[in-house]
Every structure is written in C-alpha cells, then in structure tokens.
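Taking it in order: structure first as structure tokens, then the write-up.
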Amino acid sequence: MAVHTTTAEKQSLFTPFNIIAGIILVAGLIVTVMRFTGGLGAVTNLDQNNPWGIWIGFDLMCGVALAAGGYTTSAACYVFGLKKYHAAVRPAILTAFLGYALVVFALGYDVGRPWRLPYPLFVQQGTTSLLFEVGLCVMLYLTVLFIEFSPAMLEWLGFKKIRKTVVKLTLLLTIFGVVLSTLHQSSLGALFIIAPSKLHPLWYSQYLPVFFFVSSICAGLSMVIFEGTLSHKPMHHLMDEEYLNNHDGLILGFGKAASLVLFGYFSIKVIGLAYDNNWHYLTTGFGAWYLVEMLGFVALPSFLYAIGVRDRNIPVIKWAAGLTVLGIIVNRFNISMVAFNYHLPSAERYFPSWGEITISLFVVTIGVLAFRFISTRMPIFNEHPEYKNEH
Amino acid sequence: MLRRTFLGLLGAAGASVALPMSARAGGKSFGPHPDTLAVLFDATRCIGCRKCEQACNEVNQLPAPDSTFDDLTVLDTKRRTDEKTYTVVNKFQGTSAPVFVKKQCNHCLEPACASACFVKAFKKEPNGAVSYDASVCVGCRYCMIACPFEIPAYEYDEPLTPRVMKCTLCAPRLAEGKLPGCVEQCPKEALTFGPRDEIIKIARARIAAYPDRYVDHIYGEREMGGTSWMYLSGEPFSNIGLREDLGTASAPELTAGALAAVPIVVGMWPVLLGGIYVVSKRKDKIANDERVAAVKDALTRAGEEAEKKLHDALSKAEVANKRRIEVEVKKAVEEALTPKEDAETGEEES
Numbered sequence: 001m002a003v004h005t006t007t008a009e010k011q012s013l014f015t016p017f018n019i020i021a022g023i024i025l026v027a028g029l030i031v032t033v034m035r036f037t038g039g040l041g042a043v044t045n046l047d048q049n050n051p052w053g054i055w056i057g058f059d060l061m062c063g064v065a066l067a068a069g070g071y072t073t074s075a076a077c078y079v080f081g082l083k084k085y086h087a088a089v090r091p092a093i094l095t096a097f098l099g100y101a102l103v104v105f106a107l108g109y110d111v112g113r114p115w116r117l118p119y120p121l122f123v124q125q126g127t128t129s130l131l132f133e134v135g136l137c138v139m140l141y142l143t144v145l146f147i148e149f150s151p152a153m154l155e156w157l158g159f160k161k162i163r164k165t166v167v168k169l170t171l172l173l174t175i176f177g178v179v180l181s182t183l184h185q186s187s188l189g190a191l192f193i194i195a196p197s198k199l200h201p202l203w204y205s206q207y208l209p210v211f212f213f214v215s216s217i218c219a220g221l222s223m224v225i226f227e228g229t230l231s232h233k234p235m236h237h238l239m240d241e242e243y244l245n246n247h248d249g250l251i252l253g254f255g256k257a258a259s260l261v262l263f264g265y266f267s268i269k270v271i272g273l274a275y276d277n278n279w280h281y282l283t284t285g286f287g288a289w290y291l292v293e294m295l296g297f298v299a300l301p302s303f304l305y306a307i308g309v310r311d312r313n314i315p316v317i318k319w320a321a322g323l324t325v326l327g328i329i330v331n332r333f334n335i336s337m338v339a340f341n342y343h344l345p346s347a348e349r350y351f352p353s354w355g356e357i358t359i360s361l362f363v364v365t366i367g368v369l370a371f372r373f374i375s376t377r378m379p380i381f382n383e384h385p386e387y388k389n390e391h
Numbered sequence: 392m393l394r395r396t397f398l399g400l401l402g403a404a405g406a407s408v409a410l411p412m413s414a415r416a417g418g419k420s421f422g423p424h425p426d427t428l429a430v431l432f433d434a435t436r437c438i439g440c441r442k443c444e445q446a447c448n449e450v451n452q453l454p455a456p457d458s459t460f461d462d463l464t465v466l467d468t469k470r471r472t473d474e475k476t477y478t479v480v481n482k483f484q485g486t487s488a489p490v491f492v493k494k495q496c497n498h499c500l501e502p503a504c505a506s507a508c509f510v511k512a513f514k515k516e517p518n519g520a521v522s523y524d525a526s527v528c529v530g531c532r533y534c535m536i537a538c539p540f541e542i543p544a545y546e547y548d549e550p551l552t553p554r555v556m557k558c559t560l561c562a563p564r565l566a567e568g569k570l571p572g573c574v575e576q577c578p579k580e581a582l583t584f585g586p587r588d589e590i591i592k593i594a595r596a597r598i599a600a601y602p603d604r605y606v607d608h609i610y611g612e613r614e615m616g617g618t619s620w621m622y623l624s625g626e627p628f629s630n631i632g633l634r635e636d637l638g639t640a641s642a643p644e645l646t647a648g649a650l651a652a653v654p655i656v657v658g659m660w661p662v663l664l665g666g667i668y669v670v671s672k673r674k675d676k677i678a679n680d681e682r683v684a685a686v687k688d689a690l691t692r693a694g695e696e697a698e699k700k701l702h703d704a705l706s707k708a709e710v711a712n713k714r715r716i717e718v719e720v721k722k723a724v725e726e727a728l729t730p731k732e733d734a735e736t737g738e739e740e741s
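Residue numbers (this note's numbering), protein chains in the order written: chain W, 1 to 391; chain D, 392 to 741.
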C-alpha cells in the first residue's frame, strides 16, 4: 500500500478525468446558485403542463432503479445463501447507498421547498399518496443502507466492538432492505397510475408497480456487472484475491439470473399489453418506439445474456449488462417524460434545459467521486486483514 | 346428526355468507359530502365576455393581467390557468358558431390532487371546495401530475416560497354567505350555483326541455368520480376542450390496489425471505452433515480394511512361524544324533 500511496502522490492532479470532473462541478455550482436565487423557472424547462422533468425522470426514477444492485446482491448472498457472491456485496451496497443519498440530494433541487422534505413524515402524513410511501421507504432504506455500509467504515476507523454488533444485524437488515426495496421500487411505477389520461396506453397499466419492481431486479443485476466492469481497471490495485477470483463467477451467475428475469419481465409486459388490448397502438409512432424499447432493450439483452452464459463469454455478458442499464434508463424516461403528456401538441411537450442536464451530470459526478474516495480508503474491494473470515 | 340440526346449520351458513356480501358491497362506493355545493356551466349561454375572469382576479386579489379583461383577442389562442390566473375562458369553433368554455378547478368529489399529496396540503371541504394549505406544501408538484384537468399551477419563478395556485371556489366568500365571484358577475347566467343535487336536477331539466339544444350528458356528474363543477354543452365535449376519455373511476380508486399491496408485502416478504434463508441454511447443513457422514464412512471403511489386512498379515506370520519351528526342531534332532555316532566311533577306537 505504501508504494501505491507514493505513486498516487506523484501523479499530476490534471488527469483528463479530474479536468472533466472539475468542469462539471464548477458548472453545477453555478447552476445551483441560479436555481436558488431565481427559482425553478430560471434553470428548467418545467411549466404548468410539465411539472416533472429530467430531475425526476433521471435522478429519481433511474437513480433508484440503478441502485437496486444493493438489495439484489445482499439478498443473493445472505438470504439465498450464495456465498460466492460475498465479495460483490460491499461495492453494491456502497453504490446503492450513494445512489439513494444522491436521489435525496437531487430532490433538494427539484422540490420547491427542499427544507420541507421531512414534512410528509413528521408534520402531516398524506397516507393516501403513493409518494408518501416512496418517501417513507427511501428514508428507511437509506438508513438500512448506511448501517449495511458501516462495517467497512468501522473497520477503517478501527471500532471493533461496534463493528461486531453491526455485522450481527446483516441478515435482518437484508430482509428489511428487500421488503423496503420491493415497496418503493414498485411504488415509483404506481405514481403514474393516478394519471391514466396523461400516460400513453402502451406504457400505462395497472401492472406498472409490478413492471417497475421486476425491472429493478434486472437493473440491479446488470448494474452490478456494469459497475464491476467499470471499476475493474481503475480499481484493480485495490481488489484482493477473493474479489478477483470470484469476479468471473459473479458475472456468469448474475448474467444467468438477469437473462431469466428479463425474459420474465418481457413476458409480463406482453401480458399487460394483451390484458388492456393495446395491440393496435403498435402500428403508431409511439408503438414503434415501444417496440424498440421492448425488443432492443429487453428481449435482446436477455438473449445476449443467455448466449454469454452458455458460451462463458464474459465480454458478451458485459455488453448485455450495458444494454440493460441503458434500457432501464430508456424505460424510465419513456414513462416519466416521453409517453407522459402524449396528448399535448409537440410545442407544449417538455424537453430538458441545459441547467437540468448540468445538475444531473453534477449529481452523477459527485457520486463517482464519492465512490472513488471511499473505495480507496475503506475495505470495499478487499477484506481488512484484521477481520478476515469474521462474517 | 339430526336432519333438522343439519338443515338449520346449512341455513345459518347461507345467511352468514349473504350478510358480509352486502356489507362489503356497500363499503365500496363513496358519495359526495351531503352539503356539497356545485356550479353548473352552460356553454350555450356563455358569450366569452371574460367578466368572470375579471371578477375572479379582483375578489382573489391576483396580479394584474398583461392586457385588460375587455381585450377579447386573447380568446384567439388557447389558454390555461396558471400561477396568476384562477380561471380562463377559451373559444372553440362549434358546428355553426363559436363556443366559449370557462376553465377552472372542477373541485372533484374525490380530488386527485388531494389523493396525490403526500403532505395533505389539499383537502376536500364539506362545502365542496378543494382547499390548499401553503404552510405544509413541499413543492413536489405531484398534484399537477395527478390532476386530470390540468388545473394546479406552480410559481416557478419564486425561489424560496413557491406555492401551488388554483381556484378555491371563493371559500372565504362562501363562508360569508356570498356567491363565488365569477358566478355573481356572469351577465348571461351561464353559471348556476347551488347544492350539487339541485344543480344536477336543473341540468337534467334543461336537457329534457331543450333536447335539440343540448348534448344529453352532464359533464362532471361522474367523470373521475364526479366533480362539483359541471358542464352542459350543445357541442360534443371533446370538441370544446373537455376530454371524454377520463372514465368514471376516481383517483383513490385507481391507486387503491397499489396501496393495498403495501401491507401484503410488509407481512409476507419477511416470511418468504426468512423461509428461503432457513431452507438454504438447512440445505447447507444437510450438505455439511452428508460430508461429515461420508468422511466418517470412508474412515470406517478404511479402518476395516486395515484391520483385515492386519489379520491376514498376522495369519500369514503365524503359518510362517510354525514352519520355521518345524525346521528348527528337525535341525536340532539331527544335531543330537550326530554326537552319538562320534562317541561310538571313539569307543571302538579305544
């Protein structure tokens, strides 16, 4: 480690990554000032017809879905007893924790009075609202994720007794986490059930909650593979023998699971289409886009995963993971923006502004920097020597 | 069992099945508040003079509009309510003449905005108005997503204290026993105010009296569960900006299923996951036990084989021993005989 540290210190601060991150951070700060001095209208294209935009569609809807790796991985390892995935749990939990924390952070930009975010829980509870349930679950799950993440932090800080206590809670936290994740992943989809006249029939369904939950499993499995792929090169020096030895096995195992879940997801989407008898919409422009989403981002990655697992072709599985992650983003964008307010003339439709895009990039960049900071200091990709085999 | 007893039990069972059925059916439907007030808008009477917009602006102390209220050219473009305007009149081309339609909050019987608000900033009052409480509003704007009539508007340019803005049915004036501002001001009596039941009767009477003048439908009587603001028109409602695909289910009805699933998941998931955990744990234990048993069995078998080998080896050794003894005995006997011959030879020589 000493050698790495010395090497890191000698590196220049002006790497391409740092330059780009710096630019995004500066731009983000500028837009932040504009947002809180000029109101939402100063930096967004939101209007009276389009109250939700990219900050809800991407930062909330996509952020929560892509952070589902936390509950899928911990469930696989601790509930289903698949111990070979143990090395992947900590990176997944860290990603999920940062993901949810950034969701709340981004909501601070989107809601009109962010300091009142605790109001639904502590001042007046609107229990008829699915958004109340989302808020309650996100708060609780963020707490669960923090506790699940804390052993790594406690190991870094050297608090042995507390760490031992927290580790004993792992199974309980995992089950609680899966319950909460099921609820808010599905309730994010249920948010749109209240507006049948605004969401295009191809995307509107009474099954929206189920679709969102099942697709979040696909997102979680794929995101673990995708992020493991992204981390592999820059973080390789931090990965210990257990992580590296199990990496390919993880990709194959999660790839197989993702293939099956995607197939199931595709099936229930077809059932939803048939149940509402919406076949005739497939011949419209929205129908073409629906087919692109379903065939290009659900059926195709399912097939690629199957091929990759059968042939033990790791690169194909990684491409399938990237395609699935992109597909989740397409789906959430479609539901919250593209297919929402489909009845309005195009002049009244929403398109994100540069301010909104800047803040979204700002949020993601903060997440990447935080992940890098934490995983270089705490035992995320490796086991702390003092606590090896203590689980 | 006695026949009479059996038949009695059968009858009791039938009766007990029937009773909850009617109770359950009764619980499914909601009516309006008994004192709900309503407004009837008659599109055949409206001349688009915008006096109602002006009255609304004045009684609610809203900011002054860009152009005066007697400027009728604004009717040439479609408008909607916004953060400075609680009601607007739009012009639509009818079959023979322009049709003017007033748009404002319809004060639904089961408002989607109230159902969607996660902090209960919206509330359906007993008098039918849907009120808004800015003191708890977070500004999530989910009410704007939920409203099927696209009425709530937001103060996007307010940085620190933005609010949702919409018609309040002039609740302060109702409290004083006055009419809503727009109703009071309408010169053509296109707006009729009163108890909802009475308003529906009036609307039906008009349709019955002039069937050729009106479409036979009271828009808002049942749309999205019913509204307090209802419409009569001589043109199809979809031609005058009123969507006819809203259905009759109220917002709470739409989301009841998803909300009902929450306690089911909370109750069943821990049992399901706990069960999976126990099964996988037990599977591991069985696998471990089998491994231990296999090792033990292997050791036992190895022990037995070793013992057998030892036994065989001992047997062979015993046989070998016997033969060696015989050989030694024979040798000894032969040796014993040889010295005698030597002794005899000595005697003969002496």
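Beta carbons are placed, not taken as given, at the ideal position from N, Cα and C, and that holds for glycine.
The structure presented is a predicted model; accordingly, all values stated were derived computationally and were not measured.
- For Tyr533(D), the CB contacts under 8 Å within the same chain, skipping 5 residues up- and downstream, are Ala507, Cys508, Phe509 in chain order.
- Checking the DSSP bridge columns, you'll see Met621(D) partnered with Leu431(D).
- Looking only at Lys164(W), Asp59(W), His86(W), the smallest Cα-Cα distance to Glu386(W) is reached by Lys164(W).
- Less than 8 Å separates the beta-carbon of Leu565(D) from that of Ala520(D).
- Within chain D, no C-beta atom comes nearer than 9 Å to that of Pro352(W); the closest sits roughly 15 Å away.
- By the rule that beta-carbons nearer than 8 Å mark a contact, Thr73(W) does not touch chain D.
- Lys482(D): member of the beta strand (DSSP E) spanning 479–484, first to last residue.
- Non-local beta-carbon contacts of Cys538(D) in its own chain, meaning distances under 7 Å to residues more than five positions away in sequence, involve Ala503, Cys504 in chain order.
- If you look at Lys494(D), you'll find it isn't in any alpha helix (DSSP H); it sits in the beta strand (DSSP E) that goes 489–494.
- Annotation: the continuous alpha helix (DSSP H) that includes Leu273(W) extends over 241–275.
- The Cβ neighbour count for Val653(D), taken over all protein chains shown within 10 Å, is at least 16; the residue is labelled buried.
- Judged by beta-carbon spacing, Cys437(D) lies beyond the 8 Å limit of Cys573(D), meaning their Cβ atoms are not closer than that value.
- Of all residues in the stretch 54–84 of chain W, only Val79, Phe80, Gly81 come within less than 7 Å of chain D when Cβ atoms are compared, listed by chain position.
- Closest by C-alpha distance to Ile24(W), out of Phe371(W), Thr376(W), Ile359(W), is Ile359(W).
- Among the residues of the stretch 503–524 of chain D, those with a Cβ less than 7 Å away from any Cβ of chain W are Ala503, Ser506, Ala507, Cys508, Phe509, Val510, Lys511, in the order of the chain.
- Proximity of Ser629(D) to chain W, defined by a Cβ-Cβ separation below 8 Å, is not satisfied.
- At a cut-off of 8 Å between C-beta atoms, Ile677(D) does not count as an interface residue with respect to chain W.
- Collapsing the DSSP output to three states places Tyr85(W) in a helix.
- Excluding sequence positions up to five before and after Ile357(W), its CB lies within less than 8 Å of the CB of Ile54, all in the same chain and listed in chain order.
- Rounded to the nearest angstrom, the gap between the Cα atoms of Val111(W) and Arg554(D) is 11 Å.
- In the DSSP annotation of this structure, Val521(D) is not part of any alpha helix (DSSP H); the continuous beta strand (DSSP E) holding it starts and ends at 521–523.
- Taken through DSSP and simplified to helix, strand or coil, Ala640(D) comes out as coil.
- Residue contact check for Pro661(D) against chain W: a CB pair falls below 8 Å.
- If you look at Phe584(D), you'll find it in the beta strand (DSSP E) that goes 582–586.
- Between Met34(W) and Ala42(W), the gap from beta carbon to beta carbon is short of 8 Å.
- With its beta carbon less than 8 Å from one in chain W, Lys672(D) belongs to the interface.
- In this structure, the CA atom of Val144(W) is about 26 Å from the CA atom of Ala321(W).
- The CB of Val179(W) comes closer than 7 Å to the CB of Val656, Val657, Trp660, Pro661 in chain D, given here in chain order.
- Contact of Leu117(W) with chain D by beta-carbon distance below 7 Å involves Val529.
- For Val480(D), the closest Cβ of chain W is not nearer than 8 Å.
- Distance from Val134(W) to Leu664(D) at the Cβ level is roughly 21 Å; contact not present, criterion being Cβ atoms closer than 8 Å.
- Note on Asn245(W): under 16 other CB atoms within 10 angstroms of its CB, so exposed under the neighbour-count rule.
- Leu705(D) is not bridged by DSSP to any residue.
- For Phe159(W), the three-state secondary structure derived from DSSP is coil.
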